[in-house]
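**Q**
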Amino acid sequence: MIKVLHLCPPDNTMIAQYADMVCKGMPDGVTCSMSNDARQAAAFCKESRPDILHLHGYSDAAQQKVAESARRTGIRIILSPHGHLHAWHRSAATTPSLHLVSHAYAIIAQSHMEADALAKLGRSSRIETIPNPIITKTTTASHMVGQLLTVYRKVMASDMLALMDKPTRTALRLLLKAGITGDRRWLETIDLGQPDWQRLYLYAEYEGISETLFSGIKVLGADAPSPVAQPIYLPHGYQKPEPSPQQEVMPLMQTIQDETDSKQLSLLRLVELDTALRFQSLDEDVLMQELDAAGMKPLFACILQILKEQTGLDEGFMPCEPTDNSTTEEIRNTINNHLRI
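Everything in the sequence shown is counted per this note's numbering, starting at 874 for the first residue and increasing by one.
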């Protein structure tokens, strides 16, 4: 079930007609609501928690603030400018409109010309062209609704970590530990419960850890369904993590430090470090001296805490005590936000 709130500008009958057409055309599994009142929309977001807020046209500052507030609480934003790009440019200094453009999961252009103008803003590459049957005969209402439904589903498949429930996150940790160790006896439990397998598959694919995940499934003999292909939206500048050519702890830590500084740290790098700590023959005293000389000893202690949480690294493989402090929290946020729009 996908819940969508359409927030339309006041006194624009054409946009209201368009949103009404969308709502009436959506199939079972998608519930739509409409509003052109900022207060009403804010209350709806707080009480009903829609999955998506679809903001239409050039809405006034109050409505844009509602959208920005909704975004911060995890509601996913879609924008349909309806040709009002000039207003967006005029309002850039006083409203969050261009900020919303950057963080919208998708922007719906009604023509290729509008899509080109949106691309020139340089704030988003997640632009979809879906003609409006009210203003053109090149499409129909049913076709337009079908295209929007595809966008809604794509939005709800994106940033999958944010939507994972606790059982799915727990299963991810168990599967990674099983995949890294190759032995179920290292796990405190082999009961995976009922995770959301498709979200696990998607997350693993875009974090570069699919091989480890599938190894864990094999080790545990899990009755997992086959992956289903699902397009998603990705943050601007996303690059799929690639395996490191270096598998030693020190060069891996240098890469982790660089990726942490650039806010690009992925789970793949943590899996690689966990593997190195478990299976390489290490002189722990020498390693700690090298980390200290490189100025990475405090970061290493924080990373050990993250490994304990994310991959289940056991204390017996930790060359020093893990640290949980503000730096550790920043690293958690970097990992959690790696695929965030």
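C-beta: ideal position from N, C-alpha, C; glycine also.
No experiment lies behind these values; they were computed from the predicted model shown.
Going by beta carbon distance, what residues of the same chain come within less than 6 Å of residue 939, once the five residues before and after it are set aside?
**A** Around residue 939: 911, 914, 915.
**Q** Got a sec? Which residues, its chain only, sit under 8 Å from residue 1212 by beta carbon, not counting five neighbours each side?
**A** Cβ neighbours of residue 1212 beyond the five flanking positions: 1031, 1032, 1033, 1034, 1076, 1079, 1080, 1107, 1108, 1111.
**Q** Run through DSSP, which three-state label would residue 967 get?
**A** Its pLDDT being 45, under 50, residue 967 is placed unreliably in this model, and the coordinates cannot settle the point.
**Q** Check the C-beta distance from residue 1048 over to residue 1089 and give it rounded, since I have them as a contact under 8 Å.
**A** Their Cβ separation, rounded to whole angstroms, is 3 Å, which keeps residue 1048 and residue 1089 in contact under 8 Å.
**Q** Nearest CA to the CA of residue 1100: which residue from 928, 1125, 1072?
**A** For the residues 928, 1125, 1072, the minimum Cα distance to residue 1100 belongs to 1072.
**Q** Assign residue 1101 to one of three DSSP states: helix, strand, or coil.
**A** Reduced to three states, the DSSP call for residue 1101 is coil.
**Q** Taking the C-alpha atoms as reference points, what is the distance between residue 988 and residue 894?
**A** Rounded to the nearest angstrom, the two C-alpha atoms are 22 Å apart.
**Q** Between which two residues does the beta strand (DSSP E) carrying residue 1003 extend?
**A** Counting along the chain, residue 1003 falls outside any beta strand (DSSP E), and DSSP gives it neither H nor E.
**Q** How is residue 1009 classed by DSSP in three states: helix, strand or coil?
**A** In this structure, residue 1009 counts as coil in the three-state DSSP scheme.
**Q** Leaving out five residues on either side along the sequence, give the residues of the same chain with a beta carbon under 8 Å from the beta carbon of residue 1083.
**A** Here the set comprises 1074, 1077.
**Q** Per the DSSP calculation, residue 876 is bridged to which residue(s)?
**A** 904, per the DSSP bridge assignment.
**Q** Given residue 1170, which residues of its chain have a CB within under 6 Å of its CB, disregarding the five upstream and five downstream residues?
**A** Closer than 6 Å at Cβ, skipping near neighbours: 1164.
**Q** Is the beta carbon of residue 1098 sitting closer than 8 Å to the one on residue 1066?
**A** No.
**Q** If you draw a straight line from the alpha carbon of residue 1204 to that of residue 907, how long is it in whole angstroms?
**A** Cα-Cα distance, rounded: 39 Å.
**Q** Name the residue from 1086, 1116, 1024 whose alpha carbon lies nearest to the alpha carbon of residue 1103.
**A** For residue 1103, the nearest C-alpha among the options comes from 1024.
**Q** Do you know how far the Cα of residue 971 is from the Cα of residue 1158?
**A** Spanning the two alpha carbons is a distance of roughly 52 Å.
**Q** Using CA coordinates, which residue listed in 1130, 1006, 1021 is at the minimum distance from residue 1014?
**A** Taking only the C-alpha atoms, the option nearest residue 1014 is 1006.
**Q** I believe residue 926 touches residue 991 by the beta-carbon criterion, under 8 Å. Please report the beta-carbon distance rounded to the nearest angstrom.
**A** Actually they are not in contact, since the Cβ atoms of residue 926 and residue 991 sit about 19 Å apart, beyond 8 Å.
**Q** Give me the DSSP bridge partner(s) of residue 949.
**A** Answer is 925.
**Q** For residue 977, which three-state DSSP category applies?
**A** Three-state result, residue 977: coil.
**Q** With which residues is residue 982 paired in a DSSP beta bridge?
**A** Partner(s): 1002.
**Q** Using the C-alpha atoms, what's the distance from residue 1068 back to residue 1037?
**A** Distance between the alpha carbons of residue 1037 and residue 1068 is about 9 Å.
**Q** Please report the straight-line C-alpha distance between residue 986 and residue 901, rounded to a whole angstrom.
**A** C-alpha separation (whole angstroms): 33 Å.
**Q** Can the beta-carbon of residue 997 be found less than 8 Å from the beta-carbon of residue 974?
**A** Yes, these two residues count as a Cβ contact at 8 Å.
**Q** In terms of alpha-carbon separation, which member of 1050, 921, 874, 1129 lies closest to residue 847?
**A** The chain is shown only over 874 to 1214; residue 847 falls outside these bounds and no answer can be derived.
**Q** Can you tell which of 979, 935, 922, 1061 has the C-alpha that lies nearest to the C-alpha of residue 950?
**A** The candidate whose alpha carbon is nearest that of residue 950 is 979.
**Q** Tell me the rounded alpha-carbon separation between residue 977 and residue 944.
**A** C-alpha separation (whole angstroms): 9 Å.
**Q** For the alpha helix (DSSP H) holding residue 1060, just list the boundary residues, first then last.
**A** No alpha helix (DSSP H) contains residue 1060, which DSSP labels as neither H nor E.
**Q** So, residue 889 versus residue 909, is the Cβ gap smaller than 8 Å?
**A** Result yes, Cβ atoms of residue 889 and residue 909 sit closer than 8 Å.
**Q** Out of curiosity, what's the CA-to-CA distance linking residue 1113 and residue 883?
**A** Residue 1113 and residue 883: Cα-Cα distance of roughly 42 Å.
**Q** Which residues in the same chain have their Cβ closer than 6 Å to the Cβ of residue 1183, if we skip the five residues on either side of it in sequence?
**A** Closer than 6 Å at the Cβ level, and outside the excluded window around residue 1183, lie 1143.
**Q** Tell me, to the nearest whole angstrom, how far the beta carbon of residue 1155 is from that of residue 1129; I am working on the premise that it is less than 8 Å.
**A** Contact flag wrong, Cβ pair sits at about 16 Å.
**Q** How long is the line joining the alpha carbons of residue 1206 and residue 955, rounded to whole angstroms?
**A** Distance between the alpha carbons of residue 1206 and residue 955 is about 35 Å.
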